[in-house]
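Heads up: the sequence shown is residues 1 to 365, going by UniProt numbering. Okay, so here's the structure we're looking at.
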Amino acid sequence: MALLTERTLLGPGPSNPYPEATAALAAPLLGHLDPEFIRILDRTCERLRTVWGTENPLTMPLSGTGSIGMEAAFANTVRPGDVVVVAVNGLFGTRMCEVASRYGAEVVRVDHEWGTPVDVELVLAAHPSPAIVAAVHAETSTGVRSDIGALGAALRSRSPETLLLADCVTSIAGDTLEVDDWGVDIGYAGTQKCLGVAPGLAPFTFSERAWQRRVENPPVWYLDLGLLGAYVRGGPGGRAYHHTAPVAMIASLDAGLGRILDEGLPEVAARHRAAGQMLQDGLIDMGLELFAAPGHRLSQLTTVRVPDGVDSAKVRAQLLSEYDLEIGAGVGEFAAGVWRIGLMGRNAAPERVELVLGALRRVLK
Ligand code: PLP
1 MALLTERTLL GPGPSNPYPE ATAALAAPLL GHLDPEFIRI LDRTCERLRT
51 VWGTENPLTM PLSGTGSIGM EAAFANTVRP GDVVVVAVNG LFGTRMCEVA
101 SRYGAEVVRV DHEWGTPVDV ELVLAAHPSP AIVAAVHAET STGVRSDIGA
151 LGAALRSRSP ETLLLADCVT SIAGDTLEVD DWGVDIGYAG TQKCLGVAPG
201 LAPFTFSERA WQRRVENPPV WYLDLGLLGA YVRGGPGGRA YHHTAPVAMI
251 ASLDAGLGRI LDEGLPEVAA RHRAAGQMLQ DGLIDMGLEL FAAPGHRLSQ
301 LTTVRVPDGV DSAKVRAQLL SEYDLEIGAG VGEFAAGVWR IGLMGRNAAP
351 ERVELVLGAL RRVLK
């Protein structure tokens with residue numbers, strides 16, 4: 001069978017996986033209750049704790065992409081009528097409003113201009129004592145980082161009962177992430193971005209505070225953290241079968257995490273920062289204008305305005321056909337006016353920056 005074309009994936013995700021993660025997919029398959037697999041699962045959860053910056057016992061990969069993490073977060077915490085304040089500064093904040101409302105939340109939406117970070121004062125002013133405050137750490141639709149630590153600190157002193165929920169899909173393993181220090185109670189992520197693993201799992205972490213206030217018997221059986229925890233953490237009677245764990249994907253995540261931790265988390269974050277800076281400097285040198293607010297730009301995902309008179313889709317198609325290089329379009333009203341260039345996981349490297357800058361220079365000539 002012919003292999004698929006190998007692309008350089010510099011869009012908003014998926015990124016090209018770390019080779020260790022790809023190699024693990026070809027290992028012999030184990031049963032999901034095999035002691036050898038359970039060792040891999042335990043190690044994966046331990047490695048995830050390190051990457052999240054947490055001691056939370058309930059830290060695990062959920063079966064599904066990043067969105068299943070968002071779904072699990074709300075399904076296990078929202079009771080009908082609960083006030084959920086959502087900071088919206090892009091597509092994924094908007095999606096959180098939709099998901100929370102499906103579980104009966106009274107959503108208080110705090111809109112921000114796209115391209116700007118979450119404004120802590122504005123979010124706090126939205127409601128005096130919400131059950132949950134939710135925000136996106138790295139907004140992939142706009143290329144903006146928000147200060148979740150500042151939001152957590154402000155919430156703790158103002159309304160200590162409120163749970164803080166953070167979307168870390170694009171930040172995990174590409175930026176500093178300190179869930180415990182920042183006071184995040186519920187975090188979810190995806191494997192296909194800076195973790196450098198194929199899409200298919202949603203790393204998830206849930207604090208003791210969140211556990212105390214969780215919804216027992218949530219409306220989605222598949223995402224019931226009580227049942228999932230009984231498999232992942234085990235109990236007096238051993239591991240209770242809930243659903244067949246995606247063993248190959250978990251082995252791949254374990255290998256990707258091993259690769260990242262061998263390099264070192266600060267080193268990985270620094271590599272992302274350096275590559276992002278090099279790209280952003282290069283784009284500015286070409287006369288292009290960056291979209292995200294200065295001082296709040298993600299390194300792992302750069303948003304850049306499409307120059308006047310340039311057909312955005314045509315440029316992306318040309319990069320794909322001539323360079324096997326994928327970059328992303330913008331989102332919503334910025335679909336044709338912005339490109340999104342990801343440097344995630346192994347792609348956070350100078351040679352990838354040179355490749356995309358060189359290709360863009362030629363195509364825009
Ligand atoms: N949240 C953010 C910030 C994302 O970037 C994405 C995907 O790009 C998601 C949530 C949803 O993740 P998935 O597409 O893996 O379901």
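Ideal Cβ placement from N, Cα and C applies to all residues, glycine included.
In the displayed model, V84 falls within a strand according to three-state DSSP.
In the three-state DSSP reduction, T50 falls in the helix class (H, G or I).
Beta-bridge annotation (DSSP): P61 is paired with P203.
The stretch 338 to 357 and the stretch 302 to 312 touch, with no fewer than 3 CB-CB distances between them shorter than 8 Å. Note that the stretch 219 to 234 touches the stretch 46 to 59; at least 3 beta-carbon pairs, one per stretch, sit closer than 8 Å. Residue pairing of G342 in beta bridges, as defined by DSSP: L301.
Within the same chain, Cβ atoms closer than 8 Å to the Cβ of L223 are found at L62, I68, E71, A72, A75, N76, the five residues on either side in sequence being excluded. DSSP places V144 within a strand segment (E or B) once states are collapsed to three.
With contacts defined as CB atoms closer than 9 Å, L122 and L325 fail to qualify as a contacting pair. Shortest Cα-Cα distance from V220 to any of R47, K365, Y103 involves Y103.
If only uninterrupted beta strand (DSSP E) runs of at least 3 residues are considered, those enclosed by the stretch 185 to 246 are 186 to 188, 201 to 206. Bounds of the beta strand (DSSP E) holding L163 are 163 to 167. About 44 Å separates the beta carbons of V85 and A27, which is beyond the 8 Å limit, so they are not a contact pair.
D262 sits in a helix when the DSSP states are folded into three classes.
Cβ neighbours of T54 within its own chain (closer than 6 Å, five residues either side excluded): V179, D180, T205. A contact is defined here as three or more CB-CB pairs under 8 Å, and the stretch 340 to 360 meets this definition with respect to the stretch 313 to 325.
In the structure shown, L30 adopts coil according to DSSP, grouped into three states.
By the criterion of at least three beta-carbon pairs nearer than 8 Å, the stretch 167 to 176 is in contact with the stretch 133 to 144. A heavy atom of ligand 1 is found nearer than 8 Å to the CB of M70. Scanning its chain for C-beta atoms nearer than 8 Å, with the 5 sequence neighbours on each side dropped, one finds around A329 the residues S312, A313, R316, A335, A336, V338, W339, R340, in chain order. D175 has its Cβ no nearer than 8 Å to any heavy atom of ligand 1. In the DSSP assignment, the residues bridged to T8 are L325. Of the residues assessed, Y188 falls on the buried side of the cut-off, its CB having 16 or more other CB atoms within 10 angstroms.
Counting along the chain, V110 sits inside the beta strand (DSSP E) bounded by residues 106 to 111. In the three-state scheme derived from DSSP, where H, G and I count as helix and E and B as strand, I172 is classed as coil. Assigned with DSSP and collapsed to three states, V331 falls in coil, not helix or strand. Three or more pairs of CB atoms, one per stretch, sit closer than 8 Å, so the stretch 243 to 261 contacts the stretch 13 to 23. Using a C-beta cut-off of 8 Å, the stretch 89 to 104 makes no contact with the stretch 238 to 250, since fewer than three inter-stretch Cβ pairs fall below that distance.
About 6 Å separates the Cβ atoms of A251 and I40, confirming a contact at the 8 Å cut-off.
At a cut-off of 8 Å, the beta-carbon of S15 does not count as near ligand 1: no heavy atom of the ligand is closer than that. Around the beta carbon of Q212, fewer than 16 other beta carbons sit within 10 angstroms, so the residue counts as exposed.
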